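**Student:** Note that the sequence shown covers residues 1 to 756 in the UniProt record's numbering.
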Amino acid sequence: MARASRIAQKQTPRKLGSNATQSADRHPYTMEGKSNMDGSPNQFTDPSVNLWSTYLSLSEKDNRVRAQNWKSDMDAILIFAGLFSASVTAFIIESYKTLNPDPNNTSVLLLAQISQQLGSIINNGSQLVTTSHSNPLQGPDDFSPPTSALVCNYLWFLSLSFSLMCALSATLVEQWTRRYLQATISRPAPQDRARIGAFLYQGIKGYRMSAIVEIIPMLLHISLFFFFAGLVAFLAPLNAGLEYLILSILIGSCGLYILVSVLPVLDLSCPFWTPLSKNVWYILYKLQAIQRTDANGNQISVPSEMSEARENDAIQIGHARDERDLSAICWTIRSQREDHEFEPFVEIIPSVVSGFEYSSKWLINALLDYRDPTIQLGRRIPKLLATCTMGTMDKVAAQRRAITCIRSIWSLAILDFPKTLSSSEDAWRLDSKFKADIFNLLYVAQNSIPAIEGHVLSASVVVARGLLDMYVARLIALEDKLLGFLISGQPDPSSKKPHLGTSFLDTSSQAANQFSVFQLRLQTLQKRVRTTSFTTAPPYVLLDTVFSDVERTIELASKGHVRIANALRHVDLLQEYMSQAGFYLAIDFIGKILGSDGLPHEAIHTLRRAFLRINFQLSSQIVGTDGQRYLSKPRAVSFTKESQDRLVTYLEEAAEFTSPDHARFPESMINIIIKLTRALSDPTLILKAINVLENYSRWSSDDTATVTIDALQKKVPIEYHSRKSLKLFTSHVYSQAKPDRPTRKMAPQIATWVRT
Numbered sequence: 001m002a003r004a005s006r007i008a009q010k011q012t013p014r015k016l017g018s019n020a021t022q023s024a025d026r027h028p029y030t031m032e033g034k035s036n037m038d039g040s041p042n043q044f045t046d047p048s049v050n051l052w053s054t055y056l057s058l059s060e061k062d063n064r065v066r067a068q069n070w071k072s073d074m075d076a077i078l079i080f081a082g083l084f085s086a087s088v089t090a091f092i093i094e095s096y097k098t099l100n101p102d103p104n105n106t107s108v109l110l111l112a113q114i115s116q117q118l119g120s121i122i123n124n125g126s127q128l129v130t131t132s133h134s135n136p137l138q139g140p141d142d143f144s145p146p147t148s149a150l151v152c153n154y155l156w157f158l159s160l161s162f163s164l165m166c167a168l169s170a171t172l173v174e175q176w177t178r179r180y181l182q183a184t185i186s187r188p189a190p191q192d193r194a195r196i197g198a199f200l201y202q203g204i205k206g207y208r209m210s211a212i213v214e215i216i217p218m219l220l221h222i223s224l225f226f227f228f229a230g231l232v233a234f235l236a237p238l239n240a241g242l243e244y245l246i247l248s249i250l251i252g253s254c255g256l257y258i259l260v261s262v263l264p265v266l267d268l269s270c271p272f273w274t275p276l277s278k279n280v281w282y283i284l285y286k287l288q289a290i291q292r293t294d295a296n297g298n299q300i301s302v303p304s305e306m307s308e309a310r311e312n313d314a315i316q317i318g319h320a321r322d323e324r325d326l327s328a329i330c331w332t333i334r335s336q337r338e339d340h341e342f343e344p345f346v347e348i349i350p351s352v353v354s355g356f357e358y359s360s361k362w363l364i365n366a367l368l369d370y371r372d373p374t375i376q377l378g379r380r381i382p383k384l385l386a387t388c389t390m391g392t393m394d395k396v397a398a399q400r401r402a403i404t405c406i407r408s409i410w411s412l413a414i415l416d417f418p419k420t421l422s423s424s425e426d427a428w429r430l431d432s433k434f435k436a437d438i439f440n441l442l443y444v445a446q447n448s449i450p451a452i453e454g455h456v457l458s459a460s461v462v463v464a465r466g467l468l469d470m471y472v473a474r475l476i477a478l479e480d481k482l483l484g485f486l487i488s489g490q491p492d493p494s495s496k497k498p499h500l501g502t503s504f505l506d507t508s509s510q511a512a513n514q515f516s517v518f519q520l521r522l523q524t525l526q527k528r529v530r531t532t533s534f535t536t537a538p539p540y541v542l543l544d545t546v547f548s549d550v551e552r553t554i555e556l557a558s559k560g561h562v563r564i565a566n567a568l569r570h571v572d573l574l575q576e577y578m579s580q581a582g583f584y585l586a587i588d589f590i591g592k593i594l595g596s597d598g599l600p601h602e603a604i605h606t607l608r609r610a611f612l613r614i615n616f617q618l619s620s621q622i623v624g625t626d627g628q629r630y631l632s633k634p635r636a637v638s639f640t641k642e643s644q645d646r647l648v649t650y651l652e653e654a655a656e657f658t659s660p661d662h663a664r665f666p667e668s669m670i671n672i673i674i675k676l677t678r679a680l681s682d683p684t685l686i687l688k689a690i691n692v693l694e695n696y697s698r699w700s701s702d703d704t705a706t707v708t709i710d711a712l713q714k715k716v717p718i719e720y721h722s723r724k725s726l727k728l729f730t731s732h733v734y735s736q737a738k739p740d741r742p743t744r745k746m747a748p749q750i751a752t753w754v755r756t
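(1) Could you tell me the distance, in whole angstroms, from the CA atom of G206 to the CA atom of D322?
(2) Within 10 Å of its beta-carbon, does D230 have 16 or more other beta-carbons around it, so buried, or fewer, so exposed?
(3) Just to confirm, is the Cβ distance from I349 to L412 under 8 Å?
(4) So what's R635 in DSSP terms, helix, strand or just coil?
(5) Leaving aside the five residues before and after E653 along the sequence, list all residues of the same chain whose C-beta is less than 6 Å from its C-beta, in chain order.
(6) Just list the residues that DSSP pairs Q617 with in beta bridges.
(7) Going by DSSP in three states, V389 sits in which element: helix, strand or coil?
(8) Touch check for the segment 143 to 157 and the segment 169 to 187: three-plus C-beta pairs under 8 Å?
(9) Rounded to the nearest angstrom, how far is the Cβ of V541 from that of S579, given a contact under 8 Å?
(10) According to DSSP, simplified to helix, strand and coil, what is A366?
(11) Excluding the 5 residues preceding and the 5 following residue 762 in the sequence, name in chain order all residues of the same chain whose CB lies nearer than 7 Å to its CB.
(12) Restricting to runs no shorter than 4 residues, where is the alpha helix (DSSP H) found entirely within the segment 49 to 129?
(13) Pop quiz: L363 and I329 are said to be a contact at Cβ under 8 Å. What is the actual Cβ separation, rounded to whole angstroms?
(14) What's the C-alpha gap between I317 and V265?
(15) Is it a yes or a no for the segment 512 to 523 touching the segment 557 to 576, going by three-plus beta-carbon pairs under 8 Å?
(16) Within a Cβ cutoff of 8 Å, which residues of the same chain sit near residue 826, ignoring the five residues on either side of it in sequence?
(17) Can you tell me whether residue 758 is buried or exposed? The criterion is at least 16 other CB atoms within 10 Å of its CB, across all chains shown.
(18) Which partner residues of R292 appear in the DSSP bridge assignment?
(19) Counting along the chain, where does the alpha helix (DSSP H) carrying D313 start and finish?
(20) Determine the contact status of A537 and N440, defining contact as a CB-CB distance below 8 Å.
(21) Indicate whether I216 and I77 have their beta-carbon atoms separated by less than 8 Å.
(22) Determine, using beta carbons only, whether T535 and S460 come nearer to each other than 8 Å.
(23) Please determine, among R635, P275, T184, the residue with the shortest C-alpha to C-alpha distance to I212.
(24) Among the candidates A189, A194, M165, whose CA atom is the shortest distance from the CA of A62?
(25) Check this for me: beta carbons of S95 and F272, under 8 Å apart or not?
(26) Report the option in E667, T677, R635, Q291 whose CA atom is closest to the CA atom of S649.
(27) Pick helix, strand or coil for Q580, following the three-state DSSP scheme.
(28) Mapping DSSP to helix, strand and coil, what is I348?
(29) Using the beta-carbon count (16 or more within 10 Å), is S619 buried or exposed?
(30) If I follow the unbroken alpha helix (DSSP H) through T606, where does it start and stop?
(31) Answer yes or no: do V716 and I686 have a C-beta to C-beta separation smaller than 8 Å?
(32) Expressed to the nearest angstrom, what Euclidean distance is found between the alpha-carbon atoms of V260 and K278?
(33) Do you know offhand how far V444's Cα is from S53's?
(34) Pull up the CB-CB distance for Q575 and V472, whole angstroms please, since I reckon it's below 8 Å.
(35) Roughly how many whole angstroms lie between the Cα atoms of A81 and N312?
(36) Which residues in the same chain as V280 place their Cβ atom closer than 7 Å to its Cβ, once the five residues preceding and following it in sequence are excluded?
Printed below as a string of structure tokens:
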């Protein structure tokens, strides 16, 4: 029985009324809406916990920063105030004695009076004679301290008082801050902590505790100036030289203090500041003596708080901010000496270029052409890419770095900023973001890392398009130069500097030989444009030679050795070759996409850039009888039948693999290829393109194909209209006769890299 009783007692549950059990069951952390100890939710879960947790994460961080700032300021003030108070006390110990009569002076006066009386007795016998000029002794009540002593003690005692007040205030601020932080974390529930923190922060703002904290250093400054002024009064009766020395130091310190207080008001970027600066700003604000203007010269409102005005000036859009940004980023790049330090900066360039902020794009463009080679992106990024081909890096890291560099090269090449057309012989080449030798580097990187082929393809196309744009802009500038000669009859002022190698061109025969060489090189260029890929370096070597001949021809025209009309005609011919080169560049890109398993990097934007820069029609500038410049009637650029046939073939293949279920290309890319049919001039190819577009338009929801069909039909000659009746039959027979091709779905766009 006893054993059974003991077992029953062990199995009897504890009463819930015990304090320990009640405390455990009513744990505040569980009751306020958090999970149980095992992490599972309980019946008291409050959905608003996450809301207050977000507030707490921000408010507690702000509280810690504010408390740390106040504590560091108060600690420094306490140390300085303690040392300064001890120094002032030592001086006061010596100065307060001048407020009472000196006993030593009384003894000296007594001895002097006795000596005077004894001398009188000796001179006049035994009779004591009291002279009228004897100095009577002064009693304690008759003593009056000198003015310098009063001034000195007044100032030093005030200095000591302000210093002690400053120390006491600093101690109180530290206690208040500590109490505030403890109160904000006294409760475990997030909503309670948040509400307590908001309640106490309301008191901090209402009682202007921040202003009190800023006043404390002012008390210490006042104490210091009182001490210097008292030191001047203390030295006045002792030594005039020392008095003037300390007085000059005091005046200089006061002037410097006033200057430091006013400078940040005049220039908000000034690092100097005193507690008086905010007061000066507020007074000028009330007097409406502070004005601000935006980038357009319009007056804007000035905030009453000096800190807010400083922030507004720092982020206000304008040329000054852009220059500051450029200086800051230049320092950043210059500091990134190692390749692994510079790589993260290169990685963010594409996102900046594709963003909406103009200032950031301007900044990247400025870094691209920066004069310092250690900062210039056009040199540092290819140099970083070259490190991937040395075989010293891990394959994954090398691929990641190569893709990072090539994506940045693509973004920088496609970044479009207006350039000022220059007719100088050297400045125009600065418009090129990358040189032609970058093609060799891209293909070397591709051979080392085959996975980046799609990125290399897109980057080489946009770089090539940028180089062609540079030559086109140069041609426009040279054409303006020739027209200037034609209108004025005088050489352009910029051509007074003779071109290298033209000093011997003094006779008409030599000029004719030079012009013949220019014509032969134009013919060579015409052949190379049709047969050479412009994503390689050799075509640009020939272009440099041809453009040197153009510049020599213009100099010959300015001297009268070559007719200006002939020079203009050859410039127009060269512009046509540039248009053809741009068209062939786009066609080659489309062909390489069709021959690949997937879309290369940014295929749509790359093709759009290549298409938009093609001039399908050229308008020459002519000079009228009134001496004014006019544009001639536009003439279509002629493209070879072989290139037109390639375009139609690519269009057919792209449209063939495009259907609602199986899309080889995105519809936007198909539309760009359709718009390229503006280059078609062969009637047979035009009819074939119309046939392809009609089949494509049956399922496409876009009207680009329909609009293009109407435009192409207008280009078909009348004698070909009779063939339209056979179009449906031909289309049916063609669709049944062509061999079956494997249906390919649109491959996903090549990924940048796999993060590890």
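Each residue gets a CB set at the ideal place from its N, CA and C atoms; glycine is no exception. Since this is a predicted model, take the numbers as computed values, not measurements.
**Tutor:** This is what the structure holds:
(1) Going from the Cα of G206 to the Cα of D322 covers about 39 Å.
(2) The identity of residue 230 in the sequence shown is Gly, whereas the question assumes Asp. With 16 or more other Cβ atoms within 10 Å, it is buried.
(3) Yes.
(4) Note: R635 maps to strand in three-state DSSP.
(5) The beta carbon of E653 lies closer than 6 Å to those of L594 in the same chain, with the five residues before and after it left out.
(6) Q617 pairs with A636.
(7) The sequence given here has Thr at residue 389, not Val. T389: helix per DSSP, three-state reduction.
(8) Two segments are said to touch when three or more pairs of C-beta atoms, one from each, lie closer than 8 Å; by this definition the segment 143 to 157 does not touch the segment 169 to 187.
(9) Wrong, their Cβ atoms sit about 20 Å apart, outside the cutoff.
(10) Looking at A366 - three-state DSSP - the assignment turns out to be helix.
(11) Because the chain here runs from 1 to 756, residue 762 falls outside it and cannot be looked at.
(12) The segment 49 to 129 contains these whole alpha helix (DSSP H) runs: 49 to 95, 103 to 124.
(13) Distance from L363 to I329 at the Cβ level is roughly 6 Å; contact confirmed, criterion being Cβ atoms closer than 8 Å.
(14) Rounded to whole angstroms, I317 to V265 spans 21 Å at the Cα level.
(15) Between the segment 512 to 523 and the segment 557 to 576, the count of C-beta pairs closer than 8 Å reaches three or more; the two stretches touch.
(16) Residue 826 is absent from the model: the chain starts at 1 and stops at 756.
(17) In this structure the chain extends from 1 to 756, so residue 758 is not present and cannot be described.
(18) DSSP output for R292 lists I300 as bridge partner(s).
(19) It spans 306 to 315 - the alpha helix (DSSP H) in which D313 sits, taken as one unbroken run.
(20) Result yes, Cβ atoms of A537 and N440 sit closer than 8 Å.
(21) Here I216 is near I77, since their CB atoms are less than 8 Å apart.
(22) It is a contact, given that the beta carbons lie within the stated cut-off.
(23) Cα-wise, what sits closest to I212 is P275.
(24) The question names Ala, but residue 62 in the sequence shown is Asp. Ranking A189, A194, M165 by Cα distance to D62 puts A194 first.
(25) Not closer than 8 Å, so no.
(26) Strictly speaking, residue 649 in this sequence is Thr, with Ser absent from that position. That would be T677, whose Cα lies nearest to the Cα of T649.
(27) Helix at Q580.
(28) Three-state result, I348: coil.
(29) Here S619 is exposed. Its C-beta has fewer than 16 other C-beta atoms within 10 Å.
(30) Per DSSP, T606 belongs to the alpha helix (DSSP H) from 603 to 612.
(31) With respect to I686, V716 sits close: the two C-beta atoms are nearer than 8 Å.
(32) For the pair V260 and K278, the Cα-to-Cα distance works out to about 12 Å.
(33) Distance from the CA of V444 to the CA of S53, rounded to the nearest whole angstrom, comes to 53 Å.
(34) Yes, they are in contact, since the Cβ atoms of Q575 and V472 sit about 7 Å apart, within 8 Å.
(35) A straight line joining the alpha-carbon of A81 with that of N312 spans about 36 Å.
(36) Taken in chain order, the residues that qualify are S261, V262, V265.
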